[in-house]
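Letter 80 of the sequence shown, counting from 1, is numbered 80 in full-length UniProt numbering, and no numbers are missing.
In this text, a Cβ means the ideal position worked out from N, Cα and C, and glycines have one as well.
Some notes on the structure that comes next.
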Amino acid sequence: MSINILLYLFIAAVALITVILIFVIMMMFTGFLIDLPSIFPWLSWMQWISAFRYASNVLTISEFQGLNFCSSNGTEFCQLTGEEVLAKRELTHVSSWDLWKNFFALTVMTIGLFVLAYIQLIRMKRKK
């Protein structure tokens with residue numbers, strides 16, 4: 001993503017500030033810093049363009065699905081289960097597609113950004 005921005009902005013300082021701003025905004029909408037159901041409806045669309053959100057969902061689902069946090073002293077009481085963690089983060093995890101759709105979204109975003117970078121490189125070559 002930063003390569004695309006650097007190609008469109010020829011001044012490195014402006015490109016660096018732009019990349020940092022975009023990354024901070026994308027990190028805010030992963031669900032860790034801001035509770036996604038509590039944000040304004042006119043800002044909720046930003047969660048769908050956050051690459052960090054999709055990566056976070058992949059890691060969370062793969063790590064917490066089917067996990068039990070039980071005490072090692074032999075008691076039957078489990079403080080928290082992985083399913084409760086996923087429910088608290090409001091991540092659907094019923095089928096394997098719920099995990100793979102996040103991989104698919106990351107792949108589509110990556111291919112799209114590579115295409116944009118390629119187009120910009122062609123445009124830069126023609127200007128010379």
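In terms of DSSP beta bridges, what is residue i paired with?
i, result
"Asn68", "Thr81"
Can you tell me whether residue i is buried or exposed? The criterion is at least 16 other CB atoms within 10 Å of its CB, across all chains shown.
i, result
"residue 131", "Since the first residue shown for the chain is 1 and the last is 128, residue 131 is missing from the structure and cannot be characterised."
"Leu59", "exposed"
"Arg126", "exposed"
"Phe64", "buried"
"Asn73", "exposed"
Can you tell which of the options has its C-alpha closest to the C-alpha of residue i?
i, options, result
"Asn68", "Ser95, Glu84, Thr18 and Arg126", "Glu84"
"Ile61", "Ile39, Met109, Trp97 and Pro37", "Trp97"
"Leu33", "Ala15, Thr81 and Arg89", "Arg89"
Does DSSP put residue i in a helix, a strand or coil?
i, result
"Trp42", "coil"
"Leu99", "helix"
"Glu63", "helix"
"Ile20", "helix"
Given 8 Å, three or more beta-carbon pairs between the segment 24-32 and the segment 40-57: yes
Three or more C-beta pairs below 8 Å linking the segment 56-70 and the segment 108-123: no
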